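Notes to accompany the following structure.
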Amino acid sequence: MSYPFCAIVGQDDLKLALTLLAVTPAIGGVLVQGDKGSAKSTTARALAELLPPTGSGAPAPFVTLPLGATEDRVIGTLDLEKALRGEKALQSGLIRAAHEGVLYIDEVNLLADHLVDVLLDVAAMGVNRVEREGLAEEHAAVFALIGTMNPEEGTLRPQFLDRFGLCVDVGAPGEARARAEIVRRRMRYEADPAGFSAAWADAQAALRAQVRGARARYPEVQVSDALLEAISELCQAYGVRSLRADLVLHRAARALAALDGRREATLEDVKRVAPLVLTHRKRQHPTSPQGGEPDLEQLMEQLQPPERAPDDAAGSAPDDEPAEAHPDPGPPEDEPAPAETTFRARPPAASPVIDVRGLPATHAGRRGTAEEAARGRTVRTRPSPSPSSLALPATLVSAAGRAALDGQAFQVTRADLHERVREGRVGSRVLFVVDASGSMGARARMEAVKGAALALLADAYARRDEVGVITFRGIAAEVALPFTRDVDVARAALDGLPTGGRTPLAHALTLARDVVRRADADGRVLLVLLTDGRGNVPLPGGGDAWAQALDAAAQLQGTPALVLDTEAGVVRAGRAAEIAGALGAECLTLEALSAEGLTLTLRGRTLTRA
1 MSYPFCAIVG QDDLKLALTL LAVTPAIGGV LVQGDKGSAK STTARALAEL LPPTGSGAPA
61 PFVTLPLGAT EDRVIGTLDL EKALRGEKAL QSGLIRAAHE GVLYIDEVNL LADHLVDVLL
121 DVAAMGVNRV EREGLAEEHA AVFALIGTMN PEEGTLRPQF LDRFGLCVDV GAPGEARARA
181 EIVRRRMRYE ADPAGFSAAW ADAQAALRAQ VRGARARYPE VQVSDALLEA ISELCQAYGV
241 RSLRADLVLH RAARALAALD GRREATLEDV KRVAPLVLTH RKRQHPTSPQ GGEPDLEQLM
301 EQLQPPERAP DDAAGSAPDD EPAEAHPDPG PPEDEPAPAE TTFRARPPAA SPVIDVRGLP
361 ATHAGRRGTA EEAARGRTVR TRPSPSPSSL ALPATLVSAA GRAALDGQAF QVTRADLHER
421 VREGRVGSRV LFVVDASGSM GARARMEAVK GAALALLADA YARRDEVGVI TFRGIAAEVA
481 LPFTRDVDVA RAALDGLPTG GRTPLAHALT LARDVVRRAD ADGRVLLVLL TDGRGNVPLP
541 GGGDAWAQAL DAAAQLQGTP ALVLDTEAGV VRAGRAAEIA GALGAECLTL EALSAEGLTL
601 TLRGRTLTRA
């Protein structure tokens, strides 16, 4: 007996998001982020009691997907028991079991990426197709998808974040009275679950009836063209790239109107659900100053009710253009920068492929997850006449399926042997070390440096790498951004990077060494250094700054690295090349690349364990 939904104290946003999902699973699921002990799982489990019975009259199912589940267990596979009897049939997976109910994933950020992808695809289409051992089956799969996670244990990739329709951040209440009430209710529930549930039966029945009525009313709820335009204007003004946000906001506003017993959504409906739809889709730098990013509440306040919205006036477009539409031309390209300034990145044009020493080639695909690992969880199986790790169930299924199809007696042959394919977590991390000293301050050069760095970031995003940023200028280096999978956050950190001061290169390389050593023991870090190599700040205690830089670089030997030489002018010291030599890294000149208007990408390699 689950804890009653109506008995949960506070968590209004979470309860609203789950109720909207109960009205229409087409919203696309709810992601719940928060610390442990913030009632994420309790609230998710309570949702099933609000759903109507299934088509067979059974209570709506609540299915938990374990982290160690394989694709066959999730989607479905050949029924081994029937195959041994000579019958051809598929065994249902967890997706089918969750039909017309709730599919719950705890710690969704730790689930294998391909499974997250499969689940989100099925949830969006409402259909699951299974193809196994010559058999194929397609069945309806309409369920409320709920994922919970603790951000301290790892983030969810931006492309998966966007595919969750709604997202709610939860936490324990800050008031002592509310905390005490939570404990009081929980103790009553644990002492007498049936009695506690009975005390909330009327409230539960009323909410259940409200949800059922809203489900029936939802298809009839209308959204005016003016309100639809307001939805898209809000999404655009908030900087959301994905059109999925517009669709989800449209559906969520209709669901809220249906819950309130109305057949037309209003601007107030949009404003109420907008934070649940948009906040997790807005990628911004966590250290951005106040006012540097659009504020959702201010944007919603500026929205006009559709019936009072002013008509588009001719000639109003120039007033609506962003400030970047007419940028200040600034100083000439060769004019030195002031003591501290910030330059935007130069837009890239094309993408040559650059080889990086220390990255041994394996299979094509993503850097960072090796499906050839000797250890790790099994993600799939494959036929192998000489399996390194026998997958017994898959082997038996293959033999049974072949026997059933051919009408022969069951017998395992070498052709039936399957092996486990394990996923081992490896590097998947790119550390950018960016020189922001005064010697980098010529306008054209700093813009080109940022442009090259952002191109590398784009490549990291395509390969789903984690990226971190170290910057150095003045008398020290700092970690401007810890490792993150949200490349837009790293892009913001680089794009807003000011320049000025001396060049503490030894500090930067020493800090990079420490960051690399603290990185995941199961992986490796790719180091990308952008500098002119003119180190002139010694480490604390004094000494030869250049010798210290070379020594720090030598301590990073064995770390896959790329050095981008940003030095300009006719007479050059070639210090970046010397640093590259000490690192054992490839060294490329920024001038040669930027002269052709080229950007920089990394060859598709896989970081493997040493």
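Just so you know, we're using full-length UniProt numbering here: the sequence shown kicks off at 1 and counts up by one.
We put the CB at the ideal spot given by N, CA and C, even for glycine.
All figures in this text were calculated on a predicted structure; none of them were measured in a lab.
Asked: CB of residue 223 within 8 Å of CB of residue 253, strictly; Found: yes
Asked: Close Cβ partners of residue 344 (< 6 Å) along its chain, the five nearest in sequence each way excluded; Found: Below a pLDDT of 50, predicted positions are generally treated as unreliable, and residue 344, at 49, falls in that range; no measurement from the model is reported.
Asked: Meets three-Cβ-pair contact criterion under 8 Å: the region 15–26 and the region 61–72; Found: no
Asked: CB-CB length for residue 529 against residue 563, believed under 8 Å; Found: 5 Å
Asked: Residue of 497, 247, 555, 480 minimising C-alpha distance to residue 516; Found: 555
Asked: Nearest to residue 480 (by Cα), restricted to the options 466, 474, 497; Found: 497
Asked: Bridge-paired residues (DSSP) for residue 383; Found: 418
Asked: Own chain residues within Cβ distance below 8 Å of residue 12, not counting five before or after; Found: none
Asked: Sequence-distant residues of the same chain with beta carbon closer than 7 Å to residue 387, five excluded per side; Found: 417, 418, 419
Asked: Bounding residues of the alpha helix (DSSP H) (the contiguous stretch that carries residue 579); Found: 575–583
Asked: Rounded C-alpha distance that separates residue 255 from residue 413; Found: 55 Å
Asked: Length-filtered (3 minimum) beta strand (DSSP E) runs lying within the region 100–166; Found: 102–106, 127–132, 135–140, 144–149
Asked: Neighbourhood of residue 561 by C-beta, 6 Å cutoff - its chain only, sequence neighbours within 5 removed; Found: 527, 583, 585
Asked: Three-state secondary structure (DSSP) of residue 554; Found: helix
Asked: Per DSSP, cross-strand counterpart(s) of residue 92; Found: 76
Asked: Three-way DSSP call (helix, strand, coil) for residue 219 in this model; Found: helix
Asked: Residue 568 beta carbon less than 8 Å from that of residue 533; Found: no
Asked: Cβ neighbours of residue 14 in the same chain (closer than 7 Å, five flanking residues each side left out); Found: 32, 43, 168, 170
Asked: Cβ-Cβ distance between residue 9 and residue 208 below 8 Å; Found: no
Asked: For residue 552 and residue 502, believed in contact at Cβ under 8 Å, the rounded distance; Found: In fact, because the Cβ distance is near 16 Å, the residues do not count as touching under 8 Å.
Asked: DSSP three-state assignment for residue 195, whether helix, strand or coil; Found: helix
Asked: For residue 531, three-class secondary structure by DSSP; Found: strand
Asked: Helix, strand or coil at residue 169 [DSSP, three-state]; Found: strand
Asked: When 120, 114, 469, 201 are compared against residue 50, the one with the closest alpha-carbon; Found: 201
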